[in-house]
Every structure is written in structure tokens, then in C-alpha cells.
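Below is one structure, written out as C-alpha cells; comments come after it.
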Amino acid sequence: MTKLFLSLYVFILLALAMIGWGGEWLWQTLQYNKQQHLPSQTEQALKNSAVLAAAWYQATEPKKQPEVMNSIAQQLAAPVTIINKNDLSLQMTEPVIISYLDQHRGMLFHALSTGGDKILQIGPVTLSSRQTDGNQPLKTLLLSISYILLAVFVALWTWPLWRDLRALERSSEQIARGQFDQPAPIAVTSPVYFLAQAMHNMANRIGELIEAQKMMLNAVSHDLRTPLSRLKFSLAVEDKNEQKQSMRQDINALEKLIDELLSFARFEHQNQHLQIEHIPVEQVCLSVIENIQPTDIAIQFDSQLAEEQLWPCDGFLFERMVQNLLSNAVKYAKTQVIVELTIVDNQLMLLVDDDGTGIAKENWPHIFKPFYRVEKGQKVTHKGFGLGLAIVAKIACWHQGHCYVQQAPIGGARFVVELASGF
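The letter at position 92 of the sequence shown is residue 92 when you use UniProt numbering, and the numbering goes up by one with no holes.
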């Protein structure tokens, strides 16, 4: 951070010094040319006025000359005096000589009278206000150029930093998509090099953890399936075991848990391989309802979609999402489940309601987390493992949508999934 600050500070100092020196040199050059070679229109007008004033003064009879001097002074808004030619150190090589007095642009106009022995002195005349007005466009232009040059210098300094930050942004997006082996191309001399290295190390560590998780799940699943298979075989052979039915239920529960774990592990990385197609979502819902239809729960399906309406999504994942939501609703419903499909604001909405006991509001923010269950005080036929709704949330997220839970109008819980159409 200190290196970055010092680099920027020194760079700005050098840029300001170069801009200041260049602007001052340009200003002095333009002013010199203007003052020495191209007299301003105001100076030229005063010079002509001095010639006319000297002629007027010379043509006036002596007793009226003081009045003429006062009149000239009023018209030119400057003091007017008469001096002898011999008292003036200047050589009158021209009818009018301009003398610049100081930095405030004070000037004296010496006009030689027709007789040649008297000089009409007008001034000092200060043209600071007029000259400033004349130079204002030039000052504005130079100031604008200075600001633009400063912006260019700062842009030149910040461009490598902006380029590296953009590379880090793209690298972080790749990490979010599960691509952990593509480090950001950051040079060693970059101020964000150490940040890039930290992100690369973090990505490698995350990749290693995910691989370890997959290996662990596969190993655990394999180690559990082997003894379970032996137990099932033993139960099939042994008919006199009084606890055979209970053992068979436990074995089935363990097998279901293994299937759920493996399925959840697969869905963790499924987002990299979405097969987006235009799917008849209404037919998919009807197919899932037909396969799950229980004997004691009535499932009602309402669709607001047009006939044979297609929607861009992954057909396999959409079917799995509907299956998980419907299975969950049937498990907790008392007598009725309602499934509804509609389109609102160019988003596909899937609503699944049940008439069960519902879900307390304090559990709503956590209901889609893996392994989260709220079964205390509820009588259900088959206990779940808290992975079905987590899979639903992931599928919705991969389709640029989201899901949430509400209170159902029929008394239980309402699960809402919204899927975007931007695929």
C-alpha cells in the first residue's frame, strides 16, 4: 500500500510540474508575441487617439489649450500633461511612443506635437482589465488543456492497475463457476500481485477441499453400501429373525441417505454442464405428479400457461426440482397438495402448496440449507435428510432464479420457485 501511494504521489507531482512548466512557457511565449510583435487593438486605438489628441492640442490657440487637455483627459480617462521634448529621455523616432511601466500593464503614450518641441503625455494608462478580458479565452483554453493533460497522466498511471483488477475480477468469476486452475495473469511488478497470489492459493485450496469432499463421499458411500448389501442378503436368507422388518427399514433408510448424498454431491458441480433446451414444463409437471400420486393425498394441478408452452431450462434438473418439491409437500400434507404454474414479469413461477402444519417463520431463512430439518412435533411417514430442498435452491440459482417459502392459503407451507427466461 505504501509503495502504491508513493508511486501515485510522485507521478502526480511530476505530471503537475511538467504541466505547469509547459503551460507557463506557452503563456509567456504567446504573451511576448502579443506584446512585442502584435500590439493589442486597445493599444493601437489609444495610440491613434494620442496622435489625434496631439494634433488637436497643437491646433488650439494657447489660451484654450488647458480646456482641450481637460477634454482629452476626460475622453481617454487618463491624465494628460505637456512636457518639453528636451525633458524626455526617449528618442521620438515615431509620432507616438509607448512606454511600459510595470507588471500591471501601466503605459505612457508620448505623442509629438506638430511643432516638434512639445510632447503630449497621456497616462499612465492601465489596461489590466481590458487585457485580462482579451486574454480570458486563452487562459480558459490553457486551463482546460492542463486539466485534460492531468487526466491523461492519471489515466496512464491507473490503466495497468485497472487492467490487473479486471483480470482479478474475471479470475474470481471463474472461481465462482468452479474453475480453480486458471490463475489471473498478473505481473510480478503489479501492485496487486500479492492479492492475485492469495486468490490463486485460495482457489487451489478450495479445489483441493472439493476434491477431498467428493472422494470422501464416494468412499463413505462405497463403505456403507458393502455391509448394507451383506445385511440385505443375510435378511433374505434368515427368515426366523424377529427384528428382520425393522432392520430392513433401517437398511432402506441408509440406502436412501447414500443416494441423497451422492445426488447432492453431483448437483454441487452440475452448474457447469447445464443443458438448456425449450422444455414443455407443464407436461413435465404432469408426469411427475402421475409418478408420485399417493393414494391418500389429492394432488391438484393448475396451469396458467398457454397450451404447449415451452420454457428454456435444463429438463432433467427441472424435473428433479418438481419431484423434490412435490415429494416434500406430499410427505407433510394432510389431505391435499396444489401445484400451480404461471408466468409473472417474464419469469416462470412454480408454486407447491400443502395443507399440513406449515413451517414457522423463524425457520424460513434456513429451510433451503443442506441437512436442515424442522420435523419436531410433526408426524410424518418418512423422515427426510434435509437435502431435497437444498437441491431445489441450487437448481433455481443455476437457472438465474430463486426460491422461497410462504404460508399457503390452504393452511400449510407454500414453496415458490421463480426461474428467469434469459437463457
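Glycine residues also receive a C-beta, built at the ideal position from the N, C-alpha and C atoms. Model, not experiment: these values are computed from the prediction.
Secondary structure at residue 186: coil, using DSSP grouped into helix, strand and coil.
Taking every protein chain shown into account, the CB of residue 206 has fewer than 16 other CB atoms within 10 angstroms, so this residue is exposed. The C-beta of residue 319 has 16 or more other C-beta atoms within 10 Å across all chains shown, which makes the residue buried. Counting along the chain, residue 396 sits inside the alpha helix (DSSP H) bounded by residues 388-398.
With respect to the 8 Å criterion, residue 403 and residue 390 are not classified as neighbours on the basis of their beta carbons. Per DSSP, residue 321 has no beta bridge partner at all. Taking residue 192 as the centre and dropping the five residues before and after it, the same chain places the C-beta of 164 closer than 6 Å to its C-beta, in chain order. Residue 23 has its alpha-carbon roughly 28 Å from the corresponding atom of residue 160. Counting only residues of its own chain and dropping the five nearest sequence neighbours on each side, residue 60 has a CB closer than 7 Å to the CB of 68. Of the candidates 303, 328, 358, 313, the residue whose Cα lies closest to the Cα of residue 343 is 303. According to the DSSP assignment, residue 413 belongs to the beta strand (DSSP E) that extends over 413-420. A straight line joining the alpha-carbon of residue 195 with that of residue 203 spans about 12 Å. Per DSSP, residue 84 is one residue of the beta strand (DSSP E) stretching across 80-84.
The alpha carbon of residue 254 has as its nearest neighbour, out of 181, 397, 229, 152, the alpha carbon of 229. In the structure shown, residue 297 falls within a coil segment according to DSSP collapsed to helix, strand and coil. By the CB criterion at 8 Å, residue 263 and residue 292 fall outside the cutoff. For residue 67, no beta strand (DSSP E) run applies; the uninterrupted alpha helix (DSSP H) run containing it begins and ends at 65-76, by DSSP.
The residue from 188, 190, 171 with its alpha-carbon nearest to that of residue 182 is 171. The three-state reading of DSSP puts residue 401 in coil, since its state is none of H, G, I, E or B. Following the DSSP letters along the chain, one finds residue 337 inside the beta strand (DSSP E) bounded by residues 336-344.
Taking 8 Å as the upper bound for CB-CB distance, residue 305 and residue 282 are in contact here, some 6 Å apart. Looking at the DSSP output, residue 350 sits in a beta bridge with 341, 417. Taking 8 Å as the cut-off, the Cβ atoms of residue 284 and residue 325 do not count as close. For residue 282, the enclosing alpha helix (DSSP H) stretches over residues 281-292.
Excluding residues up to 5 positions away in sequence, 260, 261, 263, 264, 370, 371 lie with their Cβ nearer than 8 Å to the Cβ of residue 387 in the same chain. Bounds of the beta strand (DSSP E) holding residue 312 are 311-314.
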